[in-house]
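Engineer: Can you keep this structure in mind? I'll have questions shortly.
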Amino acid sequence: MAPKSASLYRARGQHRSAGRNYHSRVSTIPITGLFMVAGGRTLGREIVELLQAEFCDPQKLNEWSENGHAAALLLAAKENNNRLVNQLLSHLGVSHTKRFSADEIDYYHLLDTYASAGLRSPLKELFPAGVVQYVGIGVLVFEQGNRFFASFVVPNEAAAECEILPGDELVSANGLPYKPIASFRGLGGRTVSLQFRREANGSITECQVRPTILRPAKMLAAASSASARVVPVRSKAIGYYKPWSLAGDRYWKLLVTTLLGPLQSCEALVLDLRGSIGGASPDFAEFFIGRSPELNLSGASKLKRTINPHWRKRTIVLVDGTTRSGNEILAFALQRAGVLTVGSKTSGEVAAAKPFLLCDRSLLLIATHRVTVDGNILEGIGVKPDVEIHRQTAYSAGKDEQLSVALGLAAE
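Per this note's numbering, the sequence shown starts with residue 35, numbered consecutively.
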């Protein structure tokens, strides 16, 4: 749902000193809490001043300003042209520097994932009881040629129940052009006529969908659990797991308990790092490739306990251009240790960043530090998989050649 009006924007002098209390360990590519800035300046001036104070590369920022991009951003922000604002920010050439509006799904997912506990009280002025939420149908989308397509469908949510598949073009909702947030705002629990197209230039299918109030962190955790399944491949049991987020202990513990629980008897695993919000910590790799010992305890009670458990079976990692941030570092670490990676090159978005809530309630990410991984630069480069499989998502009708190849390799 749309955020309520708020007066929580604080002066720079206040939020800078308080910022240390907003640090959260949930992000490996650290987005260290949400910082609020004063609403007395224009939006464009606010963005430029934050860049001057926080951006990781002052020299590049000076060049960007000298090339007229700062002046152009002031005008674009005045006209509330977010597409142009982000186009101008992209000329800085560093990831994690972007503005998100309340009309984007990522706005809510980032707020809920990276807002630290110290911000739950201020968020009460934006959302009911401070709980980040929006009305939607449980589908992640990408825009191509002014059309929206489903990239990933959240299990057990409204889009899945409507049998929307990855690759479907989302055409309209209640007769109006489809928009990821605006199409369902204020319509939670009501029936919406959703039109979609499965094939290029094909016929339009209409279904009745009932959007619900989605709480991102809760939804992503539930989707991660629901992703776990056993796939029979050539008489072998192959486990599949997709962590929809790895930004925090909650999601990591869920992964470990799933692999050591429902998927424990599988002979191999396909770990799907595509389409996740990211956030994996470098030490997560230890679970798969670490050499520290695993201890199994047993006693008179006949209850067994494992300390420092590991997944020692064959693992295939799925990546593509939606694999980003901490998940790229995890993929890099696993690949370097000999774990086979399949798919297409990762996004190359590996910079440390902070989020700022702006005076108009939009969200601004700013890259504050460049990151190297054991001396290797992944920013702007990404991780090239061992087995490259191109995937054309638009109009794919849910077909996933990358996954099919990964399952086959896992069964070898």
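Quick reminder that beta carbons are idealized off the backbone N, C-alpha and C, glycines included.
Can you give the beta carbon distance from ALA385 to HIS125, rounded, assuming they're within the 8 angstroms contact cut?
Structural biologist: About 15 angstroms; that fails the 8 angstroms criterion.
Engineer: Classify LYS418: buried if its beta carbon has 16 or more other beta carbons within 10 angstroms, exposed otherwise.
Structural biologist: exposed
Engineer: Which first and last residues belong to the beta strand (DSSP E) in which ARG249 is found?
Structural biologist: Neither: ARG249 is in no beta strand (DSSP E) and is coded neither H nor E.
Engineer: DSSP puts GLY273 in a beta bridge; with which residues?
Structural biologist: VAL264, LEU303
Engineer: Which residues does DSSP pair with ALA401 in a beta bridge?
Structural biologist: ALA387
Engineer: Can you tell me which of SER396, GLN298, LEU157, HIS403 puts its alpha carbon nearest to the alpha carbon of ASN115?
Structural biologist: SER396
Engineer: Buried or exposed for ARG358, going by 16 or more other Cβ atoms inside 10 Å?
Structural biologist: Buried, since its Cβ has 16 or more Cβ neighbours within 10 Å.
Engineer: With distances taken Cα to Cα, identify the nearest neighbour of ILE341 among VAL267, ARG348, SER326, ALA105.
Structural biologist: SER326
Engineer: Which residues in the same chain as LEU95 place their Cβ atom closer than 8 angstroms to its Cβ, once the five residues preceding and following it in sequence are excluded?
Structural biologist: LEU85, GLN86, PHE89, LEU126
Engineer: DSSP has LYS132 in a bridge; who is on the other side?
Structural biologist: For LYS132, which the question treats as bridged, DSSP gives the partners LEU399.
Engineer: Near GLU191, which residues of its chain fall below 6 angstroms by C-beta distance, leaving aside the five closest residues on each side in sequence?
Structural biologist: Sequence-distant Cβ neighbours of GLU191 in its own chain, meaning closer than 6 angstroms and more than five residues away, are GLY172.
Engineer: Please say whether SER378 and GLY360 have beta carbons closer to each other than 8 angstroms?
Structural biologist: no
Engineer: In the DSSP assignment, what residue or residues form a beta bridge with GLU328?
Structural biologist: GLU328 is not bridged to any residue.
Engineer: Return the chain-ordered list of same chain residues with a C-beta closer than 6 angstroms to the C-beta of ILE65, the five sequence neighbours on each side being excluded.
Structural biologist: Annotation note: pLDDT 41 at ILE65 (below 50); position unreliable, no value reported.
Engineer: Helix, strand or coil: how does DSSP classify ILE415 here?
Structural biologist: coil
Engineer: Any idea which residues DSSP pairs ASN410 with across the strands?
Structural biologist: VAL407
Engineer: Where does GLN229 fall in DSSP's three states?
Structural biologist: GLN229: strand per DSSP, three-state reduction.
Engineer: From TYR285 to ASN101, what does the alpha carbon distance come to, in whole angstroms?
Structural biologist: 43 angstroms
Engineer: For ARG308, name the three-state secondary structure that DSSP assigns.
Structural biologist: coil
Engineer: Quick one: complete beta strand (DSSP E) runs, 3+ long, within the stretch 171-220?
Structural biologist: 173-178, 181-187, 203-207
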